[in-house]
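In full-length UniProt numbering, the protein residues as written are 1 to 957.
All residues carry an ideal CB built from backbone N, CA and C; glycine is no exception.
Reading through the structure tokens given below for one structure.
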């Protein structure tokens, strides 16, 4: 035997991946007329694989291997992202253990430490990607901070600035008060928390002014009392009759005594709370937009630590710079925002302007890295002017240059693009692409690729300059990913770059819906603006965006460490003991209760420890769950089922080899020697090839995996192999026929392996290396072999129809055998009643196989008029399959069985009779429901009559 007795994935997976990589099979060739390419969504260099990586790597690799086998020049471009905040935090944390801060080191030394860490630990994610079997071209691996990619980032920034599409301004951003940087929306998590809603009284400046109910104040509710110090207005709905007479009047802010106007705006929900909303444009995004509409002043009350400033920055209106300062209440100056909140509420209670406090469930915005509540803060930042870039990006989707799969995400993309805001691209970090802008002592700003260019460009001579301290948002470099990784320079040299010309635009982007706005749309905008073909036409970054859902646990819950339901794909692929898994999941948890909860959850999830399922089983599970546009509920039982599928393939191959090796095999196919079993399995193979090819082309990986599973397990293993076993052992069968059966056994399995390879690369390679030489194939690897293409001439509908009937007949006899508790060794007499002329013709073709597989001693066709002995029966449509009981069963035991069946049927009939006797049910239930119940009752009565007939006949035996 050339295959070991037991399938052990770990032994063959490492071996084959090393072989593929060493032999350069992942590298693209440029000798074919068609090209296919994917750029990997760059994972964070700090990261490790999570289930989302496992899922989208499976999809991308399946597509890549499929197209490679289809004869395309194929490139899967790998790389990692420098992950500004995450990486800086990792290194700062390590320095902190030594009692050192980055400020102690200074910028240059700190950056050296980051590169040192990257060299030691940054390759972890790529090692894990290898473990998933991903066939990326590692010779082209890129990192967003590589020199070549950094040049592209500078080139794009400078060009956009020179075109007036990048500017610097003071606007509201998500501010992380711990990390001291602006954050993108994607880096902010909304966490549901229990808080309070404080109701404060704001008194009218005009002491003679009152509300409709005679009060000289408005009640305003807020979840952030401390921002009261920066209020610029109170807003009401323009159609709210309660406050119509107050619009344009002023109220006096508590504590500060400032007068602010009452304005009307339909942003206010008049039915929520009191219908009055405090407006703080400098500390709330919605208030900021309302402030723009009403030209309200912005008053910044917090510093970068979210402490109350001694002097508030006053900006007359949005878009302007600080024009004045307001002295803060002295007792609040320097207080942390939450300390200030507590003090303000106490003051309101003491001074009697606190109306009430209510418990309130809110969505707290927390930095995904720091965990602190993010503060909307006015800061000077760099922005990309998006509107001019958005228009061509909208057109590219509208005209079909880019399509979304599933199509529903087109609407999501369009809705966001048509309401897009300018993009804040600066971050207050040290690790990242430093903004190529320099300042002189007078605040002048100069942009260039380096300082020498800036001096020449602006004729600055020896003017002292300092470079901007900020770095670019990680998403800025990611937006250039499809062309920066393919060595784009923005010069005519690009037209001589074979890689760029062959593989850009890329063919497809595989991504989650949650970053359509943050990454997909920005890639489309940037690529259309910068990348042109030889005719000067703008290029899209990709032709298709395949959008998948999020991977959740088996109950549909989001995976999170606090819930203890996080799965690491490598833990499923490789063997890990339960204790190690528990330790891994609970490492770093500060709360002992969380650790206990996660340990219990882990032991419940893996009651018998953890099994090494192998890469192929995990990948096949991902593919089977990849129905377009839905979240993926990942169930370990599915992984176990597909591990069994791998075993099934392995064991079926061993059986084939035992019956083939060392025995004659036809050199070429000889269809003239085929009988029903060969005609059928070859026809079913063509149908499977059709289904799998179509599924890959339409991104239905779930349908591809289902077609493969059904064919290999249910048709090839369970039927064809069983059909030919007795033939291969029958001495009366000719050697030629046996040699052809062996060839069909081998060739069908070999084709099925090639169909399966894109999803399960390792087990298919291992087996293919054994089978291919036996069929005279000399290819080096299954991944370089052609993907199967269906041959319509091999589709035999008659054979499939005959086989379907044969399977039904065999199934009916097996059911009867089971009901009668007859062993497989007993050969049965079988009667067929109600056979049509067409079925008689088919029966002549399948009779020998039916008798052999169903262990039938004698087959007799009877008419409706014939006297039928007492028989156990099964129905196939209108056809009755009968097995006479006499001499085969114990009448007493069969009577007991039938009595139990009768009692069960009678109980069901009684329940329906009771329901139909209920006048209320009959009167109120829909007519179709009542009719359905009557039909069920009629069916049950018919079954009862049949059982009574059998009971009566048994008593006569």
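Checklist entry - Does the stretch 793–808 touch the stretch 88–107, meaning 3 or more C-beta pairs lie closer than 8 Å? => result no
Checklist entry - What do you reckon, are the CB atoms on residue 149 and residue 484 nearer than 8 Å? => result Your numbering for residue 149 matches position 149 in the chain shown. Your numbering for residue 484 matches position 484 in the chain shown. Contact flag set, yes.
Next on the checklist: Could you check whether residue 852 and residue 726 sit closer than 8 Å to each other, using their CB atoms as the reference points?
Outcome noted: For the purposes of this step, residue 726 is identified with residue 726 of the chain shown, where counting begins at 1. For the purposes of this step, residue 852 is identified with residue 852 of the chain shown, where counting begins at 1. Yes; because the gap between Cβ atoms is below 8 Å, this pair is in contact.
Checklist entry - By Cβ distance below 8 Å, which residues in the same chain neighbour residue 14 in space, the five residues on each side in sequence not counted? => result Against the chain shown, residue 14 aligns to sequence position 14. Excluding positions up to five away in sequence, the list is empty.
Next on the checklist: To the nearest angstrom, how far is the alpha carbon of residue 723 from that of residue 524?
Outcome noted: As a working note, residue 723 is residue 723 in the chain shown. As a working note, residue 524 is residue 524 in the chain shown. When rounded, the distance between both Cα atoms is 55 Å.
Item to check | Nearest-angstrom Cα separation, counted from residue 462 out to residue 378 | outcome: Within the chain shown, residue 378 is the residue found at index 378, counting from 1. Within the chain shown, residue 462 is the residue found at index 462, counting from 1. So the two alpha carbons sit approximately 34 Å from each other.
Next on the checklist: Three or more C-beta pairs under 8 Å: does that hold for the stretch 681–689 against the stretch 784–795?
Outcome noted: yes
Checklist entry - Taking the C-alpha atoms as reference points, what is the distance between residue 35 and residue 477? => result Taking the first residue of the chain shown as 1, we reach residue 35 at position 35. Taking the first residue of the chain shown as 1, we reach residue 477 at position 477. One C-alpha to the other measures close to 25 Å.
Checklist entry - Going by C-alpha distance, which of 244, 136 and 98 is nearest residue 20? => result Counting from one through the chain shown, the residue named residue 20 turns up at place 20. Per the Cα distances, 136.
Checklist entry - What three-state label does DSSP hand residue 446 in the structure shown? => result Taking the chain shown and counting its residues from 1, one reaches residue 446 at position 446. Here residue 446 sits in strand by DSSP.
Checklist entry - Are residue 744 and residue 681 touching if we call contact CB-CB under 8 Å? => result For the purposes of this step, residue 744 is identified with residue 744 of the chain shown, where counting begins at 1. For the purposes of this step, residue 681 is identified with residue 681 of the chain shown, where counting begins at 1. The answer is yes: Cβ separation under 8 Å.
Checklist entry - Which term fits residue 28, buried or exposed, when burial requires 16 or more other beta carbons within 10 angstroms of its beta carbon? => result Taking the first residue of the chain shown as 1, we reach residue 28 at position 28. So residue 28 counts as buried.
Item to check | Residue nearest to residue 958 in terms of C-alpha spacing, selected from 797, 801, 663 and 772 | outcome: Residue 958 lies beyond the residue range present for the chain, which begins at 1 and ends at 957; the question has no answer from this structure.
Next on the checklist: Is the beta carbon of residue 701 closer than 8 Å to that of residue 38?
Outcome noted: Counting from one through the chain shown, the residue named residue 38 turns up at place 38. Counting from one through the chain shown, the residue named residue 701 turns up at place 701. No, the Cβ-Cβ distance between residue 38 and residue 701 is not below 8 Å.
Checklist entry - Measuring CB to CB, does residue 69 end up less than 8 Å from residue 785? => result Locating residue 69 in the chain shown gives position 69, where the first residue counts as 1. Locating residue 785 in the chain shown gives position 785, where the first residue counts as 1. Against a cut-off of 8 Å, the Cβ pair of residue 785 and residue 69 comes out as a contact.
Checklist entry - Could you check where the alpha helix (DSSP H) with residue 830 kicks off and where it finishes? => result Within the chain shown, numbered from 1, the residue matching residue 830 stands at position 830. No alpha helix (DSSP H) contains residue 830, which is instead part of the beta strand (DSSP E) from 828–833.
Checklist entry - When DSSP labels each residue in this structure, what does residue 466 get in the three-state scheme? => result Working through the chain shown from its first residue, we reach residue 466 at position 466. Note: residue 466 maps to strand in three-state DSSP.
Checklist entry - Is residue 780 buried or exposed, if buried means 16 or more other CB atoms sit within 10 Å of its CB? => result In the chain shown, counting from the first residue as 1, residue 780 sits at position 780. Exposed is the call here.
Checklist entry - In terms of DSSP beta bridges, what is residue 315 paired with? => result As a working note, residue 315 is residue 315 in the chain shown. 298, per the DSSP bridge assignment.
Checklist entry - What is the DSSP secondary structure of residue 858, counted as helix, strand or coil? => result Counting from 1 along the chain shown, the entry for residue 858 is found at position 858. Strand, per DSSP.
Item to check | Cβ neighbours of residue 243 in the same chain (closer than 6 Å, five flanking residues each side left out) | outcome: Numbered from 1 along the chain shown, position 243 holds the residue referred to as residue 243. Excluding residues within five positions, the ones whose Cβ falls inside 6 Å are 236.
Item to check | Proximal residues to residue 250 (C-beta, below 6 Å), its chain only, five neighbours per side dropped | outcome: For the purposes of this step, residue 250 is taken as residue 250 along the chain shown, with counting starting at 1. 205, 259 and 261.
Checklist entry - Residue ranges of each alpha helix (DSSP H) run of no fewer than 4 residues wholly in the stretch 341–423, ordered along the chain? => result 387–398 and 408–417
Next on the checklist: Does any residue of chain D have a CB that is nearer than 8 Å to the CB of residue 163?
Outcome noted: Looking at the structure shown, chain D is missing, and only one protein chain is on hand.
Checklist entry - What number of angstroms, rounded off, separates the C-alpha of residue 764 from the C-alpha of residue 787? => result Numbered from its first residue, the chain shown carries residue 764 at position 764. Numbered from its first residue, the chain shown carries residue 787 at position 787. Using only the alpha carbons, I get a separation of about 13 Å.
Checklist entry - Can the beta-carbon of residue 968 be found closer than 8 Å to that of residue 132? => result What the structure shows of the chain is the stretch from 1 to 957, and residue 968 is not part of that stretch, so it cannot be assessed.
Item to check | Own chain partners of residue 6 with C-beta closer than 6 Å, once the 5 adjacent residues on each side are dropped | outcome: Numbered from its first residue, the chain shown carries residue 6 at position 6. Result list for residue 6: empty, nothing under 6 Å.
Item to check | Cutoff 7 Å; reference residue 803; Cβ partners in own chain excluding five residues on either side | outcome: Here residue 803 corresponds to residue number 803 of the chain shown, with the count starting at 1. Only 676 and 680 meet the Cβ criterion.
Checklist entry - Taking Cβ to Cβ, would you say residue 225 is nearer than 8 Å to residue 198? => result Within the chain shown, numbered from 1, the residue matching residue 225 stands at position 225. Within the chain shown, numbered from 1, the residue matching residue 198 stands at position 198. Taking 8 Å as the Cβ cut-off, residue 225 and residue 198 qualify as a contacting pair.
Checklist entry - Ordered along the chain, which non-local residues of its own chain (more than five positions away) have a Cβ less than 7 Å from that of residue 75? => result Position 75 of the chain shown, counting from 1, holds the residue named residue 75. Correct list, in chain order: 28, 37, 137 and 503.
Checklist entry - Using DSSP with H/G/I as helix, E/B as strand and the rest coil, what is residue 548? => result Walking along the chain shown from the start, residue 548 turns up at place 548. In the structure shown, residue 548 sits in a strand (DSSP, three-state: E or B).
Checklist entry - Along the chain, where does the alpha helix (DSSP H) that runs through residue 100 open and close? => result Here the question's residue 100 lines up with position 100 in the chain shown. Per DSSP, residue 100 belongs to no alpha helix (DSSP H) and is neither H nor E.
Checklist entry - Does the separation of the CB atoms of residue 158 and residue 368 fall below 8 Å? => result As a working mapping, residue 158 is identified with position 158 in the chain shown. As a working mapping, residue 368 is identified with position 368 in the chain shown. Contact: no.
Checklist entry - So what does DSSP say about residue 601, is it helix, strand or coil? => result The sequence position of residue 601 within the chain shown is 601, counting from 1. Helix, per DSSP.
Next on the checklist: I need the DSSP call for residue 873, collapsed to helix, strand or coil.
Outcome noted: As a position in the chain shown, residue 873 is number 873, starting the count at 1. Reduced to three states, the DSSP call for residue 873 is strand.
Item to check | Alpha-carbon to alpha-carbon, residue 424 and residue 382 | outcome: Here the question's residue 382 lines up with position 382 in the chain shown. Here the question's residue 424 lines up with position 424 in the chain shown. Their Cα atoms are separated by approximately 6 Å.
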